[in-house]
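The next block holds one structure in the form of structure tokens; read it before the comments.
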Amino acid sequence: MPSLVRAELAYVPSLIEAMREGYSRDNLRPTTAGEIAQVEREPEWFVRQVNHPPRQVVLPDGTLGQRVPATDLWYVDGSTFLGSVGIRHELNEILESWGGHIGYAVRPSARRQGHASAMLAQTLDFVRANLPLKRVLLTVSNANQGSIRVIEKNGGVLEAEVDNPWVEGDRGRRYWIDL
Ligand SMILES: CC(C)(COP(=O)(O)OP(=O)(O)OC[C@H]1O[C@@H](n2cnc3c(N)ncnc32)[C@H](O)[C@@H]1OP(=O)(O)O)[C@@H](O)C(=O)NCCC(=O)NCCS
Numbered sequence: 003m004p005s006l007v008r009a010e011l012a013y014v015p016s017l018i019e020a021m022r023e024g025y026s027r028d029n030l031r032p033t034t035a036g037e038i039a040q041v042e043r044e045p046e047w048f049v050r051q052v053n054h055p056p057r058q059v060v061l062p063d064g065t066l067g068q069r070v071p072a073t074d075l076w077y078v079d080g081s082t083f084l085g086s087v088g089i090r091h092e093l094n095e096i097l098e099s100w101g102g103h104i105g106y107a108v109r110p111s112a113r114r115q116g117h118a119s120a121m122l123a124q125t126l127d128f129v130r131a132n133l134p135l136k137r138v139l140l141t142v143s144n145a146n147q148g149s150i151r152v153i154e155k156n157g158g159v160l161e162a163e164v165d166n167p168w169v170e171g172d173r174g175r176r177y178w179i180d181l
């Protein structure tokens, strides 16, 4: 059964394949050929950076912001990389308006097989076991029917519809999941 793990070198070859097929850890930005080449050149650096993220984060508009404490985990089956989840330990003003506590992505070739639903369920268990949060916020674009289903299957309760501050004209939803 696939499981959530800390990033390790052993999964990097499969991660690179996933990136080539269109997986991106950032839901608002595709992985560029330059980024893939850098992971291939410096896999140790990349893994270290996933496990110990820099203090600053590049926001979707390209500007720099302060990163809140966060944990990124990979979802793997044996040595096969299937997807990833980013867990923000707290919200700031930006994440409160869009992003929330949890974001995730499944590699294109592994979609529609239940992985995101199972990955989010395991993520909620991780949060219950490791963080003092009583509930988590997730935001999703109205156009993302797959992710809406994943959130609702995991107990998401719709709070409100909101504008996506990063994508002109996009509307989305705020969901809370009680832990
Ligand atoms: C959204 C995403 C995570 C879904 O991953 P997945 O592993 O395919 O999801 P699951 O297989 O667990 O599917 C959950 C449900 O959504 C449905 N679903 C999945 N993708 C769908 C789509 N594109 N359109 C409509 N329904 C979809 C599935 O049929 C399933 O429904 P069911 O439980 O009633 O059978 C994946 O498409 C992805 O990584 N997209 C890019 C990144 C992204 O959007 N992340 C989320 C940001 S909020």
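Just so we're aligned, residue 3 is where the sequence shown starts under the numbering used here, counting upward by one. Glycine included, every Cβ here is placed at the ideal spot set by N, Cα and C. Being a predicted model, the structure only gives us computed values, none of them experimental.
Close CB contacts of glutamate 37 within its chain, under the 8 Å cut and outside five residues either way in sequence, are with Met21 (chain order).
If you draw a straight line from the Cα of arginine 90 to the Cα of asparagine 156, it comes to about 18 Å. Leaving aside the five residues that flank arginine 137 on each side, the residues in its chain whose CB is nearer than 8 Å to its CB run, in chain order, Trp178, Ile179, Asp180, Leu181. Under the three-state reduction of DSSP, valine 169 is assigned to coil, being neither helix nor strand.
Look at aspartate 127 here: in three-state DSSP terms it is helix. Fewer than three beta-carbon pairs drawn from the segment 57-73 and the segment 139-149 are found closer than 8 Å, and the two stretches are therefore not classed as touching. Of all alpha-carbon atoms in Ser5, Leu140, Glu46, Leu66, the one lying nearest the alpha-carbon of serine 99 is that of Leu140. The Cβ atoms of glutamine 68 and arginine 50 do not sit closer than 8 Å to each other.
Nearest C-alpha to phenylalanine 83 among Ala131, Gln124, Tyr13, Asn53: Tyr13. Counting other Cβ atoms within 10 Å of its Cβ, arginine 8 stays below 16 and is therefore classed as exposed. Per DSSP, tryptophan 76 lies in no alpha helix (DSSP H); the unbroken beta strand (DSSP E) holding it starts and ends at 72-79.
A straight-line Cα-Cα distance of about 22 Å links threonine 65 and valine 87.
Rounded to the nearest whole angstrom, the C-alpha separation of serine 16 and alanine 131 is 28 Å. In this structure, the C-beta of serine 81 stays at least 7 Å away from each heavy atom of ligand 1. Straight through space, the alpha carbons of aspartate 127 and glutamate 161 are spaced by roughly 22 Å. Scanning His103, Glu10, Glu154 for the CA closest to the CA of valine 41 turns up Glu10. The Cβ neighbour count for threonine 73, taken over all protein chains shown within 10 Å, is at least 16; the residue is labelled buried. Relative to the Cα of serine 81, the nearest Cα in the group Ser5, Glu170, Trp168 belongs to Ser5. Check the Cα spacing between proline 134 and each of Ile18, His103, Arg43, Val159: the tightest is with His103.
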